[in-house]
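Q: In the order they appear, the protein sequences are chains Y and L. Residue 98 in numbering that gives the first Met the number 0 sits at position 99 of the first sequence, with consecutive numbering throughout. Residue 216 in numbering that gives the first Met the number 0 sits at position 217 of the second sequence, with consecutive numbering throughout. Using N, Cα and C, we set each Cβ at its ideal position, and we do this for glycine too.
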Amino acid sequence: MITLVLRRLGSVLLVMLIVAGLSFLIFNYLGDPVNNILGVNATLDERDELRRTLGLDQPSYIQFWHFLERAVVGDFGISYRNRVPVLELILSRLPATVELVVCATILALGVGIPMGVYCALRPKGFFSRLLQIIALIGISIPQFLIGMLLILIFSVELRWLSAFGRGDVVQFGWWSTGLLTETGRMALIMPVLTLAVFQISMIMRLVQGEMQEVMRADFIKFARARGLSDRSVHLRHALRNSLLPVVTVVGMQIGSLIAFAIVCEAVFQWPGLGLLILQAIEYADFPVMAAYLALVGFGFAMINLTVDMIYLFIDPRMRRK
Amino acid sequence: MRHLARPLILAAALAVFGSTANANSLRFAESQDIASMDPHAARDDFALSLLCNVYEGLVRWNADLKLEPALAESWEVISDTEWKFNLRKDVKFHNGNPFTADDVIFSYHRAGDPGSPFAGLLEPIDEVVKVDDYTVIFKVNRKYALLLNDFAGWYIMDKEFQESIGAEKPLDLSSNAGGAMQTQANGTGPFKLVERSPDVKTVLAANPDWWDEKKHNIDEIVYTPITNNATRVAALLSGEVDFIRNAPPQDLERIEATPGMKVMRGPHLRTIFFGMDQQSDTLAGSGVEGNPLKSPLVRKAIAMAIDAEGIMTSIMRGNSNPVATQLAPQMPYYDAALDVRFPFDPEGAKALLAEAGYPDGFTLPVHCPQGSFINDEQICQATAGMLAKIGITVQLNMVPPVQYDTGLPGGEYAFYMLGWAGLPTIDPYNIFSATVHSPSGELGAWNPKGYSNPAVDALIIKIGEETDPAKRQEMISEVVKTQRDEVGKIMIHQQFLTWGMTDKVNAIVPGDEYTRFWYYTMN
Chain Y
0 MITLVLRRLG SVLLVMLIVA GLSFLIFNYL GDPVNNILGV NATLDERDEL RRTLGLDQPS
60 YIQFWHFLER AVVGDFGISY RNRVPVLELI LSRLPATVEL VVCATILALG VGIPMGVYCA
120 LRPKGFFSRL LQIIALIGIS IPQFLIGMLL ILIFSVELRW LSAFGRGDVV QFGWWSTGLL
180 TETGRMALIM PVLTLAVFQI SMIMRLVQGE MQEVMRADFI KFARARGLSD RSVHLRHALR
240 NSLLPVVTVV GMQIGSLIAF AIVCEAVFQW PGLGLLILQA IEYADFPVMA AYLALVGFGF
300 AMINLTVDMI YLFIDPRMRR K
Chain L
0 MRHLARPLIL AAALAVFGST ANANSLRFAE SQDIASMDPH AARDDFALSL LCNVYEGLVR
60 WNADLKLEPA LAESWEVISD TEWKFNLRKD VKFHNGNPFT ADDVIFSYHR AGDPGSPFAG
120 LLEPIDEVVK VDDYTVIFKV NRKYALLLND FAGWYIMDKE FQESIGAEKP LDLSSNAGGA
180 MQTQANGTGP FKLVERSPDV KTVLAANPDW WDEKKHNIDE IVYTPITNNA TRVAALLSGE
240 VDFIRNAPPQ DLERIEATPG MKVMRGPHLR TIFFGMDQQS DTLAGSGVEG NPLKSPLVRK
300 AIAMAIDAEG IMTSIMRGNS NPVATQLAPQ MPYYDAALDV RFPFDPEGAK ALLAEAGYPD
360 GFTLPVHCPQ GSFINDEQIC QATAGMLAKI GITVQLNMVP PVQYDTGLPG GEYAFYMLGW
420 AGLPTIDPYN IFSATVHSPS GELGAWNPKG YSNPAVDALI IKIGEETDPA KRQEMISEVV
480 KTQRDEVGKI MIHQQFLTWG MTDKVNAIVP GDEYTRFWYY TMN
C-alpha cells in the first residue's frame, strides 16, 4: 500500500517536470518580454543586456534547469509584469476563481440532477423533450456568446447588473470573498450562470443516461417487488447508484474549470487565475506561466491520486493485486 | 429688475444643486492595467499616459502639445554642454514633503543609471550638479537639441519617500523591491493615488495642494481595466463607466447612436507604414532570384498599388488620413510640400515591376500584428488583395503583438507593418532614430535590415544636435524627401483617435493619446 502511494507520488513529480519542461519549450515560440519591460524606445543594446540579465539568451534546457533549482525551494521567481513573487500573485488570484467555480458547480448540481432525474423517469414526456432540447442548446452555445448575451440583456438594456469585475470583496488573510457583500453577490450572478450552463446540460445528460440504465437493473425490479414506494425506488435506489460517474466527472470538471475558466473571466473581467494567465501570455510573463502550468499539473495529478486512493478503499479487489 | 433677478435665482438654484450633487467622479476603463505606479519602470507610453496625472517632469506638454514649464520655473542654456534649471519653490509632494534639487538628482540616478529603462533617454546627460536647493545644472556630453522634449517624459520622484519604501531602483527583477511601487505613489501632480488593487481598480483623487491653477472640476478618477472590447463598450453603454479611450472601430456608430454618448476624434501622431528588408541578397520564399525589395522601382510599384483612400473609406470608415511621409501633419517640422503620395495606379505599378525585371511578379512574405494598430489585420488583408492585382502573391502571416515585437526588431520579417508616433519626444528625431537610421547598437532598433543611406544617417545625427529651428527644418525635410523618393517605407495613413464617452465629459484628445485629466471637466 505504502509503496503504491510512493510510486504514485513519484509519477506526480514526473508529470510536473514534464509539464514545466514543455512550457519552457513553448516559450521559444512566444516572443520575449523585453519589449514589454523596457518599452518600444529601448535600444538594441539595452534589449540584449536585459535578455542577458534575465537569462533569456540561454538555451531552453539551461533556463529550465535554473527554474528547477529555484522551484525546489518554493521560489518561482518574480512576475515580469506585476513585479511581485509569482506564488504570492497566484495565491492572490486563486480565491476569485475558486469562488466562481464552486458557485457554478453547486448551481449546476442543484439544477442538473433534478432535470436529469425527471427526464429519466418520463423520457417521452413533452417537458422532458423540452429540457433535452434546452440542454443540447446549452452544450452547443460557446461560453463567450452566453456571457455577451447576458451582458447585453442585464447590463446594457436592463441596467440591473454590472458588466465587469467582482464588486466589493472582504479580505480574510490572503483569502478574499465577494459572498459577504451585496455588490459581490450581484457580480457573481452572470459569470456563474455563464460557467454553469454547460455543466448543467452535461450533468443532466449524465444523470439521465445513467439512471435509465440503472432503472433496468434487477435490484430495481426487486425493490418494486418488495412494495417500496416510487419515491424510495427512484431516489434512494436508482439515483444513488447512478451518481458515482457524475461525482467523478464533476470532480474532474472542477479541476479543469479552476485551471481554465479563461473565457468566462475574460468576458466579465473577473480578476482570477484565468485572466492572470491570459495577461501573462500576452506579456510573455514566463515566470507566471511556468509556475502556473507546473501548479496546474500538480493539482490535476493530486486529484487523480486522490481518486485512485478512494478506489483502493472502495474496491478491495484492487488492493490484493 | 427682471434682468437682475434671473441670475440671482439661477445662482441660488445652482448653490442648492451644487450642495446636493455628488462629487464629480470620472470612471475610466482601458483594455489593460498599467504595469505599476512607477513612472521609471518602463518607457511605456501607455503607463505614462495615466501616470502624467500623478507625477510631473521639469517641463510638460500642454493641451496643444507645446512644451511649458512644470516643476522647473525657467531654464537657460549656459553653454553647449550646460543647462541651468531654476526649480519651482512652492511645490509639495502628495505626502507633504517639499520638492527640492535633491529629488531631481535622485530621480536622474533612479531613472538614468545603467540598467534602468530610462538610461537611453537620459544618456546625453553626464552629471547633475546641485547649485542650491532650487537650482540644478545638467552637464550634457554633447550638443543636444531635445533635452526639454526628453524631460517632459521623465518624471520626478520623492527621494525620501522612495528610500523609505525601499524602491530606489526601478527595474529589479531579481528581488521583491519593485513590488512596493505596485500600490504606492508619491508625486507632485494634479491627482494623487488613493487606492489601488492591481488589475482590478485604481482610484485617484484631486490634489488640493497642487501648485498650478486648477482648471478641471474632477474630484475623483476611477480607473478600471476591462480586457474584453465588447465588455468595455457594454460598460460604457450601460452607464457603469464614463469614458473609454480607443473605442473599438466597429462600435463607434453604436456609441454615437446611443443617447447621452459621444465619440471625440482627433488626429494621432502615429503613422502606419510597411517597412522591408532592403539589405539581404535573397528573399526567402519569393520564387525569384535575388531580393526584389532591394530595387527602388519594385518598392515604388508596391506603393503605387496600395489604395490608401480605399482603405480609409472601406476599412477605417473615414477615421484615417492617407500620408506620404512618416511625419503626421501635427508633428513639429511637418512639411506639407513633401506630403504628396505616389498616385494609386496598378497599371503603372505593373509597368514598373516589368522594368525592374519582374514582369511575372513574385511571392512576398508579409508579417502583420494582430491588434497593435487599428484594424491592422484588415489593412494587411486588403493590401494582399491589392498587390495580387499587380502580380505579387502575398503570403500573409498574422502574429500576436508580443511575438511581433520580438520578431520585428530581431530582423525576422522581410515585409512588415509598423506604426510610429515619435513618443514621448514628439519630434521627428525620435521617429528617424528608431525607424530610419541604419541599425546600430544605439539607433535603428525598429529598422532591421531596412532602409539605409549613410547621408541620411549623418543628417539624423545632426538633427539630434542642432538647436536652430530653421536649420533643423531644412535637414528634417531633406531626410523626409530622400526617404520618400527612394521609397524607404511604404506609407499608408495616419490613424485617428476615437474616444468614447458620455456627454457629461469634456475631454481633450491630444495626438499622443495621453489622458491629461487636469484639462477635463464634467457637467
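#1: Are at least three pairs of beta-carbons, each pair with one atom in the stretch 359-371 of chain L and one in the stretch 405-419 of chain L, less than 8 Å apart?
#2: Residues in its own chain within less than 6 Å of Tyr-291 of chain Y by CB, not counting five upstream and five downstream?
#3: At the level of alpha carbons, what is the spacing between Ala-70 of chain Y and Ser-10 of chain Y?
#4: Return the CA-CA distance between Arg-108 of chain Y and Ala-222 of chain Y, expressed in angstroms with no decimal places.
#5: DSSP puts Ala-107 of chain Y in a beta bridge; with which residues?
#6: Starting from Arg-264 of chain L, follow the beta strand (DSSP E) in both directions and report where the run begins and ends.
#7: For the stretch 225-241 of chain L, which residues have a beta carbon sitting closer than 7 Å to at least one beta carbon of chain Y?
#8: Taking the C-alpha atoms as reference points, what is the distance between Tyr-357 of chain L and Pro-427 of chain L?
#9: Quick one: Cα of Lys-214 of chain L to Cα of Arg-51 of chain Y, how far?
#10: Let's test the definition: count the other Cβ atoms within 10 Å of the Cβ of Val-246 of chain Y and tell me whether it reaches 16, buried, or not, exposed.
#11: Any chance you could list the beta strand (DSSP E) runs of at least 3 consecutive residues sitting entirely within the stretch 193-234 of chain L, in chain order?
#12: Between the stretch 35-68 of chain L and chain Y, which residues of the former have CB atoms less than 7 Å from a CB of the latter, in chain order?
#13: Could you work out which residue in L:Ile-378, L:Asn-148 and L:Gly-119 is closest to Ala-41 of chain L when comparing CA atoms only?
#14: Using alpha carbons as the reference points, say which of Y:Pro-190, Y:Leu-21 and Y:Pro-32 lies closest to Tyr-403 of chain L.
#15: Report yes if the CB atom of Phe-57 of chain L is closer than 8 Å to the CB atom of Ile-33 of chain L, and no otherwise.
#16: Kindly identify the DSSP beta-bridge partner or partners of Val-139 of chain L.
#17: So is Ala-118 of chain L in contact with chain Y if we call contact Cβ pairs under 8 Å?
#18: Taking the straight line between their C-alpha atoms, what separation do you get for Tyr-154 of chain L and Asn-61 of chain L?
#19: Relative to the C-alpha of Gln-325 of chain L, which residue among L:Asp-250, L:Arg-269 and L:Pro-291 is closest?
#20: Quick one: which unbroken alpha helix (DSSP H) runs of 4-plus residues sit fully inside the stretch 57-102 of chain Y? Chain order, please.
#21: In chain order, what residues of the same chain lie with their CB nearer than 7 Å to the CB of Val-110 of chain Y, ignoring the 5 residues before and after it?
#22: Mind checking whether Phe-299 of chain Y and Gly-271 of chain Y have CB atoms under 8 Å apart?
#23: Which residues of chain L have a Cβ atom closer than 8 Å to the Cβ of Tyr-42 of chain Y, listed in chain order?
#24: In chain order, what residues of the stretch 268-284 of chain Y put their CB closer than 9 Å to some CB of chain L?
#25: For Pro-68 of chain L and Val-202 of chain L, what's the separation of their Cα atoms in angstroms?
#26: Tell me which residues share the same chain as Val-508 of chain L and place their Cβ nearer than 8 Å to its Cβ, disregarding the 5 neighbours each side in the sequence.
#27: Could you tell me whether any Cβ in chain Y is nearer than 8 Å to the Cβ of Asp-426 of chain L?
#28: Does the CB of Leu-29 of chain Y have a neighbour CB from chain L at under 8 Å?
#29: For Leu-86 of chain L versus Leu-64 of chain L, is the C-beta spacing smaller than 8 Å?
#30: For Pro-189 of chain L, tell me which candidate among L:Met-397, L:Glu-512 and L:Asp-208 has the shortest Cα-Cα distance.
#31: So, with DSSP's three-state summary, where would you put Cys-51 of chain L?
#32: With 16 as the cutoff for other CB atoms within 10 Å, does Gln-249 of chain L come out buried or exposed?
#33: Output, in chain order, the set of chain L residues within a Cβ distance shorter than 8 Å of Leu-149 of chain Y.
#34: How big is the Cα-Cα spacing for Leu-178 of chain Y and Trp-269 of chain Y?
#35: State the DSSP-derived secondary structure class of Pro-291 of chain L, mapped to helix, strand or coil.
#36: Please classify Ile-132 of chain Y as buried or exposed, where buried requires at least 16 neighbouring CB atoms within 10 angstroms.
A: If we stick to the structure as given:
#1: For the pair of segments examined, the stretch 359-371 of chain L was found to touch the stretch 405-419 of chain L: the number of CB pairs separated by less than 8 Å reaches three.
#2: Position 292 of the first sequence holds residue 291 of chain Y. Correct list, in chain order: Ile-276.
#3: Mapped onto the first sequence, residue 70 of chain Y falls at position 71. Mapped onto the first sequence, residue 10 of chain Y falls at position 11. Near 18 Å, if we compare the C-alpha coordinates of Ser-10 of chain Y and Ala-70 of chain Y.
#4: If you number the first sequence from 1, residue 108 of chain Y lands on position 109. If you number the first sequence from 1, residue 222 of chain Y lands on position 223. Residue 108 of chain Y is actually Leu in this sequence, not Arg. Answer to the nearest angstrom: the Cα atoms are 26 Å apart.
#5: Position 108 of the first sequence, counted from the first residue, corresponds to residue 107 of chain Y. Looking at the DSSP assignment, Ala-107 of chain Y forms no beta bridge with any residue, so it has no partner.
#6: Position 265 of the second sequence holds residue 264 of chain L. Element bounds for Arg-264 of chain L: 260-275.
#7: Of all residues in the stretch 225-241 of chain L, Ile-225, Thr-226, Asn-227, Ala-229, Thr-230, Ala-233, Ala-234, Leu-236, Ser-237, Gly-238 and Glu-239 have a Cβ within less than 7 Å of some Cβ in chain Y.
#8: For the purposes of this step, residue 357 of chain L is taken as residue 358 along the second sequence, with counting starting at 1. For the purposes of this step, residue 427 of chain L is taken as residue 428 along the second sequence, with counting starting at 1. Answer to the nearest angstrom: the Cα atoms are 35 Å apart.
#9: Sequence index remark: in the second sequence, residue 214 of chain L carries index 215 (1-based). Sequence index remark: in the first sequence, residue 51 of chain Y carries index 52 (1-based). Near 47 Å, if we compare the C-alpha coordinates of Arg-51 of chain Y and Lys-214 of chain L.
#10: Translated into positions along the first sequence, residue 246 of chain Y becomes position 247. Within a 10 Å sphere around the beta-carbon of Val-246 of chain Y sit fewer than 16 other beta-carbons, which makes this residue exposed.
#11: 200-205 and 219-224, all fully within the stretch 193-234 of chain L.
#12: For the stretch 35-68 of chain L, which is checked against every Cβ of chain Y, the residues closer than 7 Å are Ser-35, Ala-41, Arg-42 and Asp-43.
#13: Taking the second sequence and counting its residues from 1, the one referred to as residue 41 of chain L is at position 42. Ranking the options by Cα distance to Ala-41 of chain L, first place goes to L:Gly-119.
#14: To locate residue 403 of chain L, count along the second sequence from 1; it is residue 404. Cα-wise, what sits closest to Tyr-403 of chain L is Y:Pro-32.
#15: On the second sequence, position 58 is the one that residue 57 of chain L refers to. On the second sequence, position 34 is the one that residue 33 of chain L refers to. With the sequence shown as reference, residue 57 of chain L is identified as Leu, and Phe is not the correct amino acid for it. Cβ atoms of Leu-57 of chain L and Ile-33 of chain L: not closer than 8 Å.
#16: Along the second sequence, read from residue 1 onward, the residue named residue 139 of chain L stands at position 140. Here Val-139 of chain L is bridged, per DSSP, to L:Ile-124.
#17: Locating residue 118 of chain L in the second sequence gives position 119, counting from the first residue. For Ala-118 of chain L, a Cβ of chain Y is located within less than 8 Å of the residue's own Cβ.
#18: Position 155 of the second sequence, counted from the start, is the residue given in the question as residue 154 of chain L. Position 62 of the second sequence, counted from the start, is the residue given in the question as residue 61 of chain L. CA-CA distance, Tyr-154 of chain L to Asn-61 of chain L, rounds to 15 Å.
#19: Taking the second sequence and counting its residues from 1, one reaches residue 325 of chain L at position 326. Answer by Cα proximity: L:Arg-269.
#20: For the stretch 57-102 of chain Y, whole alpha helix (DSSP H) runs of length 4 or above, ordered along the chain, are 59-70.
#21: Translated into the one-based positions of the first sequence, residue 110 of chain Y becomes position 111. Result list for Val-110 of chain Y: Ile-199, in chain order.
#22: In the first sequence, the residue the question calls residue 299 of chain Y occupies position 300. In the first sequence, the residue the question calls residue 271 of chain Y occupies position 272. Taking 8 Å as the Cβ cut-off, Phe-299 of chain Y and Gly-271 of chain Y do not qualify as a contacting pair.
#23: Here residue 42 of chain Y refers to the residue found at position 43 when the first sequence is read from its first residue. Checking the sequence, you will find Thr at residue 42 of chain Y rather than Tyr. For a Cβ distance threshold of 8 Å, residue set Gly-119, Gly-440, Glu-441, Leu-442 and Ala-444 of chain L lies close to Thr-42 of chain Y, ordered along the chain.
#24: Sequence-ordered contacts of the stretch 268-284 of chain Y with chain L read Gln-268, Pro-270, Leu-274, Leu-275, Leu-277, Gln-278, Ile-280, Glu-281, Tyr-282 and Ala-283 [C-beta pairs closer than 9 Å].
#25: Here residue 68 of chain L refers to the residue found at position 69 when the second sequence is read from its first residue. Here residue 202 of chain L refers to the residue found at position 203 when the second sequence is read from its first residue. Going from the Cα of Pro-68 of chain L to the Cα of Val-202 of chain L covers about 27 Å.
#26: Numbered from its first residue, the second sequence carries residue 508 of chain L at position 509. So the list reads Met-263, Arg-264, Gly-265, Leu-496 and Trp-498, once near-sequence residues are dropped.
#27: Start at 1 with the first residue of the second sequence, and residue 426 of chain L comes out as number 427. Nearest CB-CB separation between Asp-426 of chain L and chain Y: not below the 8 Å threshold.
#28: As a working mapping, residue 29 of chain Y is identified with position 30 in the first sequence. Judged by the 8 Å Cβ criterion, Leu-29 of chain Y is in contact with chain L.
#29: Residue 86 of chain L sits at position 87 when you count from the first residue of the second sequence. Residue 64 of chain L sits at position 65 when you count from the first residue of the second sequence. No, the pair does not count as a contact, with Cβ atoms beyond the cut-off.
#30: As a position in the second sequence, residue 189 of chain L is number 190, starting the count at 1. Each of L:Met-397, L:Glu-512 and L:Asp-208 was checked against the Cα of Pro-189 of chain L, and the nearest Cα belongs to L:Asp-208.
#31: Reading the second sequence from its first residue, position 52 is the one you call residue 51 of chain L. In this structure, Cys-51 of chain L counts as coil in the three-state DSSP scheme.
#32: Position 250 of the second sequence, counted from the first residue, corresponds to residue 249 of chain L. With fewer than 16 other beta carbons inside 10 angstroms of its own, Gln-249 of chain L counts as exposed.
#33: As a first step, residue 149 of chain Y is located in the first sequence; it is residue number 150 there, counting from the start. Result: empty, since nearest Cβ-Cβ is about 10 Å, beyond 8 Å.
#34: One-based indexing of the first sequence puts residue 178 of chain Y at position 179. One-based indexing of the first sequence puts residue 269 of chain Y at position 270. The C-alpha of Leu-178 of chain Y lies about 14 Å from the C-alpha of Trp-269 of chain Y.
#35: Translated into positions along the second sequence, residue 291 of chain L becomes position 292. Here DSSP, grouped into helix, strand and coil, assigns Pro-291 of chain L to helix.
#36: Taking the first sequence and counting its residues from 1, one reaches residue 132 of chain Y at position 133. That one is exposed.
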